[in-house]
Every structure is written in C-alpha cells, then in structure tokens.
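>
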Amino acid sequence: MGVFELLKADHEKVSGIMEKIDQTTERGLKTREELFAQMKSELDLHAQVEEQFFYPALEEAEETREITLEAYEEHNLVKQLLRELEAEPKDDEQWTAKFTVLKENIEHHVEEEEGELFKKARKVLGKERSEEIGNRIQEAKRQSKAASARS
Amino acid sequence: MDAFELLKEDHRKVSALFKEIESAADHAISDLFAQLKSELDLHANLEETIFYPALENSDQAREITLEAYEEHKVVKDLLAELDAALPPDEQWSAKLTVLKENVEHHVEEEEGELFKKARQALSDEEIEELGDQLDSAKAAAGATAVATSKTRGTAKARPATASSKKSGARKGLLGTLAEIVGLGGGSQSSRGTQKASSRSAAKSAGKAAGKSSKKAAAKSGGKKAVAKKSAKASKKAGAKKSAAKRAAKKGASKGGSKRAAVKSRPAALKRSSSKKGGKKASAKKR
Numbered sequence: 371m372g373v374f375e376l377l378k379a380d381h382e383k384v385s386g387i388m389e390k391i392d393q394t395t396e397r398g399l400k401t402r403e404e405l406f407a408q409m410k411s412e413l414d415l416h417a418q419v420e421e422q423f424f425y426p427a428l429e430e431a432e433e434t435r436e437i438t439l440e441a442y443e444e445h446n447l448v449k450q451l452l453r454e455l456e457a458e459p460k461d462d463e464q465w466t467a468k469f470t471v472l473k474e475n476i477e478h479h480v481e482e483e484e485g486e487l488f489k490k491a492r493k494v495l496g497k498e499r500s501e502e503i504g505n506r507i508q509e510a511k512r513q514s515k516a517a518s519a520r521s
Numbered sequence: 035m036d037a038f039e040l041l042k043e044d045h046r047k048v049s050a051l052f053k054e055i056e057s058a059a060d061h062a063i064s065d066l067f068a069q070l071k072s073e074l075d076l077h078a079n080l081e082e083t084i085f086y087p088a089l090e091n092s093d094q095a096r097e098i099t100l101e102a103y104e105e106h107k108v109v110k111d112l113l114a115e116l117d118a119a120l121p122p123d124e125q126w127s128a129k130l131t132v133l134k135e136n137v138e139h140h141v142e143e144e145e146g147e148l149f150k151k152a153r154q155a156l157s158d159e160e161i162e163e164l165g166d167q168l169d170s171a172k173a174a175a176g177a178t179a180v181a182t183s184k185t186r187g188t189a190k191a192r193p194a195t196a197s198s199k200k201s202g203a204r205k206g207l208l209g210t211l212a213e214i215v216g217l218g219g220g221s222q223s224s225r226g227t228q229k230a231s232s233r234s235a236a237k238s239a240g241k242a243a244g245k246s247s248k249k250a251a252a253k254s255g256g257k258k259a260v261a262k263k264s265a266k267a268s269k270k271a272g273a274k275k276s277a278a279k280r281a282a283k284k285g286a287s288k289g290g291s292k293r294a295a296v297k298s299r300p301a302a303l304k305r306s307s308s309k310k311g312g313k314k315a316s317a318k319k320r
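Chain order of the listed sequences is A and B. Per this note's numbering, residue 371 is the first one in the first sequence, and the count goes up by one each step. Per this note's numbering, residue 35 is the first one in the second sequence, and the count goes up by one each step.
1. Give the straight-line distance between the Cα atoms of R499/A and E484/A, rounded to the nearest whole angstrom.
2. Under a three-way DSSP split, which group does V371/A fall into?
3. Taking only runs that begin and end inside the region 105-171 of chain B, name each unbroken alpha helix (DSSP H) of 4 or more residues, in chain order.
4. Under the assumption that N505/A contacts M371/A (Cβ atoms under 8 Å), give the Cβ distance between them as a whole number of angstroms.
5. How far does the alpha helix (DSSP H) with T466/A in it extend, from its first residue to its last?
6. Per the contact definition of three or more C-beta pairs closer than 8 Å, is the region 109-117 of chain B in contact with the region 126-146 of chain B?
7. Got a sec: which bits of the region 405-431 of chain A sit with their beta carbon under 7 Å from any beta carbon on chain B, in order along the chain?
8. For Q508/A, would you say it is in contact with chain B, using Cβ-to-Cβ distances shorter than 7 Å as the test?
9. Can you pull the chain B residues whose beta carbon is under 8 Å from the beta carbon of T470/A, in chain order?
10. Scan the region 376-387 of chain A for residues whose Cβ lies nearer than 8 Å to a Cβ of chain B and list them as they occur along the chain.
11. What are the start and end residues of the alpha helix (DSSP H) that includes M35/B?
12. Taking K460/A and F406/A to be in contact with their CB atoms under 8 Å, please state how far apart those CB atoms are, rounded to whole angstroms.
13. Can you tell me whether P459/A is helix, strand or coil according to DSSP?
14. Could you have a look at K262/B and say whether DSSP puts it in helix, strand or coil?
15. Going by alpha carbons, who is nearest to D123/B out of I84/B, L156/B, S64/B, E39/B?
16. For E430/A, name the three-state secondary structure that DSSP assigns.
17. In terms of residue numbering, what span does the alpha helix (DSSP H) encompassing N505/A cover?
18. Measure from the C-beta of L439/A to each C-beta in chain B and report whether the shortest distance is under 7 Å.
19. Measure from the C-beta of E90/B to each C-beta in chain A and report whether the shortest distance is under 7 Å.
20. Going by CA-CA distance only, name the one from E501/A, D462/A, E477/A, K511/A that's closest to R402/A.
21. Along the alpha helix (DSSP H) that carries N79/B, what are the first and last residues, could you check?
22. At a Cβ threshold of 7 Å, is K129/B touching chain A?
23. With 16 other CB atoms within 10 Å as the buried threshold, where does E481/A fall?
24. First and last residue of the alpha helix (DSSP H) that includes T401/A?
25. Could you name the residues of the same chain whose beta carbon sits closer than 7 Å to that of L74/B, not counting the 5 residues immediately before and after it, in chain order?
26. Nearest to K493/A by CA position, among H479/A, V471/A, L455/A, R435/A, is which residue?
27. Which value, in whole angstroms, describes the spacing of the CA atoms of E159/B and T438/A?
28. Mind checking whether K134/B and F38/B have CB atoms under 7 Å apart?
29. Just tell me which of H77/B, A59/B, D117/B, A173/B has its CA closest to the CA of Y103/B.
30. For L376/A, collect the residues of the same chain with a Cβ closer than 8 Å to its Cβ; drop the 5 residues on either side in sequence, then sort them by chain order.
31. Contact between the region 381-391 of chain A and the region 445-461 of chain A: three or more CB pairs below 8 Å?
32. Which residue's Cα is closest to the Cα of E43/B: A152/B, S72/B, E145/B?
33. Using three-state DSSP, classify E396/A as helix, strand or coil.
34. Less than 7 Å between the beta carbons of L23/B and A152/B, yes or no?
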C-alpha cells in the first residue's frame with residue numbers, strides 16, 4: 371500500500387471520530403470520554419509512525435525540508451493539546467472550546483500535509499520508496515495494535 | 035474609541051511584525067521577536083481582562099469567546115517556547131510558522147465571527163466604553179514599555195506630569211497604574227494614540243471606573259505580573275473557571291475571584307445602556 375493512501379485513510383478515520391465528538395455535549399460524558407480515548411490513541415500512533423518512517427525520509431531533501439520541520443511542530447502542538455484535553459474535565463464548556471482548537475489545528479495540518487507536503491513528497495520519494503515506507507508503516511501499526519489488544 | 039477598530043489595529047501591527055521577522059537577517063530576529071512577543075502578550079491580556087469578560091456571558095458570543103481564550107493559550111505557549119529556544123535556527127523558524135498560522139487563524143475568526151456576534155451582544159455605547167478602557171490600559175502599558183526601553187531612551191525624558199495636569203480624572207486611573215508598574219508620577223509615552231485617548235480615558239475612568247475596571251486595567255499595566263497571573267489562572271482554568279461562571283450566571287457575583295470582579299463591569303455597562311431602552315437592551319438581559 372502506498373504511504374499516501376495509508377496516511378489519508380488515517381486522516382479520514384480521525385476526522386470521523388472528531389465529528390462524533392463534536393456532536394457530544396457536556397452531558398454525554400461517557401460517550402465523550404470513550405470517543406476521545408479512541409481519537410487520542412489513533413492520533414498518537416499516527417504521529418508516531420509518521421515521525422518514525424515518513425518524515426525522516428523527507429527532512430533530508432531540500433524540497434521537503436521546510437514543510438516537514440513545520441509538520442513536526444504541528445504534531446507537537448497537537449500532542450500538547452491532547453495531553454491537556456486528557457487531563458481536564460470533559461463535562462466542561464472550556465473542554466469543548468479546547469477541543470475545537472485541537473480540531474481546527476488538525477484540520478489545518480491535514481490540509482497542509484495532503485496538499486503541499488504530499489505533493490513535494492511524491493517527487494522526492496518516487497513510487498517505489500513510497501510503497502516501501504507505506505508497508506513499513508502498515509506493519510508498525512499492525513504490531514502496535516496487536517500489542518495494545520493483548521494488554 | 036471603537037473597541038473593534040482598536041483591536042484590528044493591534045492585529046495589523048502584529049501581522050506586519052511577522053512579515054518583518056520572516057525577512058529579517060538572523061541577528062535582527064531576536065529583537066523583533068521580543069517586540070512581537072510583548073505586543074501579543076499585551077494584546078491578549080487586554081482582551082482577556084477587558085473585552086472577553088464582556089462577551090462570555092452573552093448567549094450568542096459565549097462559545098466563540100471560550101474558544102478565543104483557548105486560542106490565546108496556544109499562542110502564549112508557543113511564544114514562551116520560541117522565547118526559550120532562541121537564537122533562531124531552522125526548527126525555530128518552523129515553530130514560528132506554526133505560531134503565525136495560529137495567530138492568523140485566530141484573527142480571522144475574531145474579526146469575523148467573534149466581532150459580528152459581539153456587535154449583536156453589545157450596544158454601541160458598550161463598544162465605545164470597552165474601546166476606551168482598552169485604549170487607556172494600553173496607553174498605560176505603552177508608557178511603561180517606553181520608559182523601560184533602552185532603545186527609545188528619548189521618550190523617557192518626557193516630563194512626567196504633562197497629562198496629569200491636563201486631565202484630573204485621568205490622574206486617578208493612570209496614577210494607580212503608574213504605581214503598580216513602578217513609575218511614580220505616571221510618565222508618558224510619545225505615542226500619538228496617547229493624546230487622542232486622553233479624553234476618552236478620562237471619561238471611562240470617571241464613569242465606568244469602579245474597583246473592577248481599575249483592577250483590570252492595573253493588571254494589564256503590570257505586564258509581567260499579568261502574564262504570571264493569567265498563566266496560573268489558565269492552569270486552574272478547568273473546573274474553577276466554569277464554576278465561577280456558573281455561579282455568576284446564577285447571580286452570585288460576589289465571589290472574590292478575578293473573573294467575578296471583572297464581570298461586574300459589563301453589568302454596569304448594561305445598566306447605563308438600558309436607560310436608553312431600545313431593542314438591544316432587552317436582548318442583553320441574561
């Protein structure tokens with residue numbers, strides 16, 4: 371599987387969970403907590419595999435360096451917001467507000483990644499390498515999910 | 035002064051600073067960044083102590099205002115990270131880009147949805163009042179910045195009593211601010227806005243003054259103290275903040291918390307505007 375299709379599928383999955391969270395209210399605490407936990411684990415794993423297999427291949431190429439360094443920073447911000455959201459009470463309006471900020475930052479990151487970054491990455495990596503990175507990511511994700519299912 | 039115009043002016047200034055930093059030589063970046071940081075920190079603190087509290091209890095503006103607080107928090111966190119990571123390198127620039135995009139997004143949302151809803155939630159008089167309060171708090175903070183700035187040393191030499199002679203009512207507010215920021219006589223900045231604001235500042239100091247407005251203005255004057263305080267406050271934000279809000283909603287605004295204190299101001303404004311009656315006043319009863 372190509373790395374781009376694989377990452378796009380991740381983005382769509384996260385976007386679907388975010389839509390669901392958006393529809394919850396402060397009163398639907400349990401649903402909100404479950405959906406948030408699901409989203410966080412998807413995002414953490416997604417960021418991890420990107421940072422481990424995808425970005426390193428791009429940050430050395432002149433064409434993709436700048437946008438890749440920015441992508442790392444956007445990941446940092448998303449992780450920070452996820453930590454805060456995890457720690458704060460989910461039945462509070464302020465949580466909802468922070469969640470909106472997270473969602474907007476993720477949407478922006480996805481837009482930039484699927485647009486500028488993927489476009490440049492296709493040139494830099496070529497088809498064969500994209501396939502190879504895609505396979506490695508798929509394998510890493512499979513293993514991680516199997517491990518968390520066991521625990 | 036119109037609150038929206040004042041805030042828009044701030045936004046434009048910040049946007050220009052971003053452009054400057056992006057095209058600046060490496061050695062010039064640290065100074066420009068310091069300027070950007072102090073503009074943004076001050077702007078955020080003024081909005082949080084004067085503007086947002088007037089909006090967060092209005093039905094139509096509440097949600098977008100709570101989001102704005104969170105966007106400020108992201109911006110402040112990024113500013114602090116960038117400050118700690120100087121001198122600039124490639125990764126620093128990448129982080130600056132993330133800051134810039136977050137600020138741009140926030141400005142777009144604020145000047146669009148938030149201002150639109152704020153116009154519905156506030157009367158023209160309230161918008162003017164808030165603008166006056168923002169303006170005077172800003173002028174006071176600006177005076178501090180100028181007085182302590184090495185690069186603008188000339189402004190420091192300006193006679194300190196110029197404005198207090200001109201405007202008696204103003205002396206009270208500025209005097210308090212000056213004491214808090216450690217300036218004694220209330221020294222003046224050479225900014226053009228200062229002069230223009232003098233009348234309106236006097237007006238708002240005399241009229242809406244009360245304890246709460248002094249408190250809020252004083253907070254924005256003592257920059258560092260504010261930054262610390264609001265950082266602390268936002269850490270505690272979660273439960274405490276919303277509890278305070280709920281309490282305030284029920285009409286128990288006696289609490290000694292910062293938020294409760296700030297809230298009494300919009301209430302005062304509401305009273306003054308409701309005298310004139312009309313549609314807006316009724317929309318404001320919450």
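Every residue gets a Cβ at the ideal spot worked out from N, C-alpha and C, and that includes glycine.
Short version:
1. 18 Å
2. Note that residue 371/A is Met in the sequence shown, not Val. Assigned with DSSP and collapsed to three states, M371/A falls in coil, not helix or strand.
3. Counting whole runs of 4 or more residues, the region 105-171 of chain B contains the alpha helix (DSSP H) stretches 124-143, 149-155.
4. 7 Å
5. 463-482
6. Here the region 126-146 of chain B makes contact with the region 109-117 of chain B; the two share three or more CB pairs at distances below 8 Å.
7. none
8. no
9. E101, E104
10. The residues in question: there are none.
11. Unbroken run through M35/B: none, as it is neither H nor E.
12. 7 Å
13. coil
14. Bear in mind that the predicted position of K262/B carries a pLDDT of just 37, short of 50, making it unreliable; the figure below should be weighed with that in mind. In the structure shown, K262/B sits in a helix (DSSP, three-state: H, G or I).
15. S64/B
16. coil
17. 488-520
18. For L439/A, a Cβ of chain B is located within less than 7 Å of the residue's own Cβ.
19. E90/B does not count as touching chain A.
20. For R402/A, the closest C-alpha among the options E501/A, D462/A, E477/A, K511/A is that of D462/A.
21. 60-80
22. Closer than 7 Å: yes.
23. exposed
24. 399-419
25. V48, V109, L113
26. R435/A
27. So the alpha carbons of these two residues sit roughly 49 Å apart.
28. Not in contact: K134/B and F38/B (Cβ atoms no closer than 7 Å).
29. H77/B
30. Correct list, in chain order: G504, I507, Q508.
31. no
32. It is E145/B whose Cα lies nearest to the Cα of E43/B.
33. Under the three-state reduction of DSSP output, E396/A falls in the coil class, being neither helix nor strand.
34. A query on residue 23/B cannot be resolved here, the shown segment of chain B reaching from 35 to 320 and no further.
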